[in-house]
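Input: a single structure, listed below in structure tokens.
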Amino acid sequence: LQKQLPYRLKPKQNLVSNDKKSKKEGDTLVSKHTVVMLEPHESKVNRLMKVLDVVNKDRIKTNRKVAHERHKKHKLEVRNAEMMREIGIKKSKKANCRLMSKREQSKVRKAIDSTSK
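Residue numbering for the sequence shown follows the UniProt record's numbering, beginning at 1 and increasing consecutively.
As structure tokens, then:
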């Protein structure tokens with residue numbers, strides 16, 4: 001009856017039984033706690049690799065710190081440039097408003113002078 005079903009509807013059976021799982025767990029525990037003795041050359045290579053790893057991590061750390069400082073400096077420069085731009089815009093608006101106000105006052109004075117004559 002199961003053979004007649006399409007593949008996606010067939011019941012799947014666990015490929016690994018429970019007893020095999022327990023053996024694998026036991027193997028991982030044993031492999032975790034067993035000491036591996038290295039040959040003298042291998043131990044030297046291992047120490048060298050650890051030193052190189054530490055040097056690499058230190059270099060990455062310093063590069064990140066430098067990049068962070070550079071980013072902060074750039075942010076500060078951008079903020080200062082933005083503030084200077086806003087100050088310039090305010091000054092130009094103020095000058096334009098002052099000029100428009102003076103023109104308006106001169107128009108009013110001319111109108112008053114023309115009506116009084």
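In this text, a Cβ means the ideal position worked out from N, Cα and C, and glycines have one as well.
Residue i, DSSP secondary structure in three states
i: PRO6; result: coil
i: PRO11; result: coil
i: VAL35; result: coil
Within 9 Å, strictly: CB atoms of residue i and residue j
i: PRO11; j: GLN2; result: yes
Practice item. Kindly provide the ranges of any alpha helix (DSSP H) runs that are 4 or more residues long and lie completely inside the segment 76-105, ordered along the chain. Key: none
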